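Engineer: So in our numbering, spot 131 of the sequence shown is number 131, and the numbers just go up one at a time.
Backbone N, C-alpha and C fix where the C-beta goes; we use that ideal spot for every residue, glycine too.
Predicted, not measured: the structure shown is a model, and the values here were computed from it.
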Amino acid sequence: MTLVFLLIACGEQTKTKDFDAEDSVDGAEVKKGVKPQADEEVAVIETDYGNIVIELYPNIAPRMVERFKKLISEGFYNGTTFHRIDPRLGIIQGGDPLSRDDDPRNDGSGSSNEPNLPAEFSDLLYERGAVGAARGTAADSANSQFFITLKRQPAFDQRYTVFGRVIEGINNADVISTAPIDPGTESRPADKVVINRITLRK
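1) With a CB to CB cut of under 6 Å and the five nearest residues on each side skipped, what residues in its chain are close to Ala179?
2) Would you kindly report the start and end of the unbroken alpha helix (DSSP H) that includes Arg165?
3) Rounded to a whole number of angstroms, what is the C-alpha to C-alpha distance between Val34 and Ile60?
4) In the DSSP assignment, the beta strand (DSSP E) including Ile148 goes from what residue to what residue?
5) Do Lys151 and Arg165 have their C-beta atoms closer together than 8 Å?
6) Can you tell me whether Ser73 is buried or exposed, with buried defined as 16 or more other CB within 10 angstroms of its CB?
7) State the DSSP-derived secondary structure class of Ser73, mapped to helix, strand or coil.
8) Here's the rule: buried if 16 or more other CB atoms are within 10 angstroms of the residue's CB, otherwise exposed. What is Ala142?
9) Considering only their Cβ atoms, is the gap separating Leu89 from Gln145 smaller than 8 Å?
10) How many whole angstroms separate the CB atoms of Thr149 and Ile91, which I take to be in contact at a CB cut-off of 8 Å?
11) What are the boundary residues of the beta strand (DSSP E) that includes Gly50?
12) Alpha carbon to alpha carbon, how far is Lys202 from Glu22? Give it in angstroms, no decimals.
13) Would you call Val175 buried or exposed, if buried means 16 or more other Cβ atoms sit within 10 Å of its Cβ?
14) What are the boundary residues of the beta strand (DSSP E) that includes Ile92?
15) Roughly how many whole angstroms lie between the Cα atoms of Gln93 and Pro36?
16) Could you give the distance in angstroms between the alpha-carbon of Asp182 and the alpha-carbon of Val65?
17) Beta carbon of Phe163, beta carbon of Ala133: below 8 Å?
18) If we ignore side chains and look at the alpha-carbon of each, how far apart do Gly184 and Asn172 end up?
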């Protein structure tokens, strides 16, 4: 069965659910036929596993790109972790400020103090290296968390906002995806995979 993950925000837990389970994205507008144009700045995720460089697509997802860059400039992501590593789905997910603390049970339930963002769905495919905005069951619930797909994941197409693509360091993301998983969980790393910082670079 094809699975899709949903980030449940606002105090609820992150969980994986069946793709054909009830979800409130049906009817959401999808931007089609627009070629992505890279922002003048790239985002550089620095980890102990190496850097991951992301080009951003403001013409595809202007609100999410603006939010991501704002939070980067504020140092929001520094010291957070890739709190979810899911080899089945081929994703690594980060961007939760609660991942800084010592309680792994709340990882995935945090966000910034900024309001949630409306969906910016497009027909860009979730291919290897796509960067998406994690969200809850509501289409308009993206905030600060993001994920990187390490393999083709058609179940995400037109259901999660694509706002960038990895252009350097996808092999480093692959290494992160091999980190040991905490026994008894499906996707929680046994040890923290820290995002040392994210910076913007021209």
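Structural biologist: The answer reads as follows:
1) Walking along the sequence shown from the start, residue 179 turns up at place 179. Here the set comprises Ile85, Pro189, Val193.
2) Taking the sequence shown and counting its residues from 1, one reaches residue 165 at position 165. Run containing Arg165: none in the alpha helix (DSSP H); it sits in the beta strand (DSSP E), 162-168.
3) Numbered from 1 along the sequence shown, position 34 holds the residue referred to as residue 34. Numbered from 1 along the sequence shown, position 60 holds the residue referred to as residue 60. If you take the alpha carbons of Val34 and Ile60, they lie about 7 Å apart.
4) For the purposes of this step, residue 148 is taken as residue 148 along the sequence shown, with counting starting at 1. From DSSP, the beta strand (DSSP E) with Ile148 extends over 146-149.
5) On the sequence shown, position 151 is the one that residue 151 refers to. On the sequence shown, position 165 is the one that residue 165 refers to. Not a contact, by the Cβ cut-off of 8 Å.
6) Here the question's residue 73 lines up with position 73 in the sequence shown. Answer is exposed; the Cβ neighbour count stays below 16.
7) Position 73 of the sequence shown holds residue 73. Residue state, collapsed to three classes: helix.
8) Against the sequence shown, residue 142 aligns to sequence position 142. Counting Cβ neighbours within 10 Å, Ala142 comes out buried, since at least 16 surround it.
9) Mapped onto the sequence shown, residue 145 falls at position 145. Mapped onto the sequence shown, residue 89 falls at position 89. Cβ distance not < 8 Å, so Gln145 and Leu89 don't count as in contact.
10) Walking along the sequence shown from the start, residue 149 turns up at place 149. Walking along the sequence shown from the start, residue 91 turns up at place 91. Right, their Cβ atoms sit about 6 Å apart.
11) Residue numbering aside, residue 50 sits at position 50 when the sequence shown is read from its first letter. Looking at the DSSP string, the run of the beta strand (DSSP E) that includes Gly50 is 50-56.
12) Within the sequence shown, the letter at position 22 stands for residue 22. Within the sequence shown, the letter at position 202 stands for residue 202. Below a pLDDT of 50, predicted positions are generally treated as unreliable, and Glu22, at 47, falls in that range; no measurement from the model is reported.
13) Residue 175 sits at position 175 when you count from the first residue of the sequence shown. So Val175 ends up on the exposed side.
14) Taking the sequence shown and counting its residues from 1, the one referred to as residue 92 is at position 92. Note, Ile92: beta strand (DSSP E), 91-94.
15) Locating residue 93 in the sequence shown gives position 93, where the first residue counts as 1. Locating residue 36 in the sequence shown gives position 36, where the first residue counts as 1. C-alpha separation (whole angstroms): 22 Å.
16) Here residue 182 corresponds to residue number 182 of the sequence shown, with the count starting at 1. Here residue 65 corresponds to residue number 65 of the sequence shown, with the count starting at 1. Going from the Cα of Asp182 to the Cα of Val65 covers about 32 Å.
17) Stepping through the sequence shown from its first residue, residue 163 is reached at position 163. Stepping through the sequence shown from its first residue, residue 133 is reached at position 133. Taking 8 Å as the Cβ cut-off, Phe163 and Ala133 qualify as a contacting pair.
18) The count along the sequence shown starts at 1 and reaches residue 184 at position 184. The count along the sequence shown starts at 1 and reaches residue 172 at position 172. Each residue's Cα considered, the two are about 26 Å apart.
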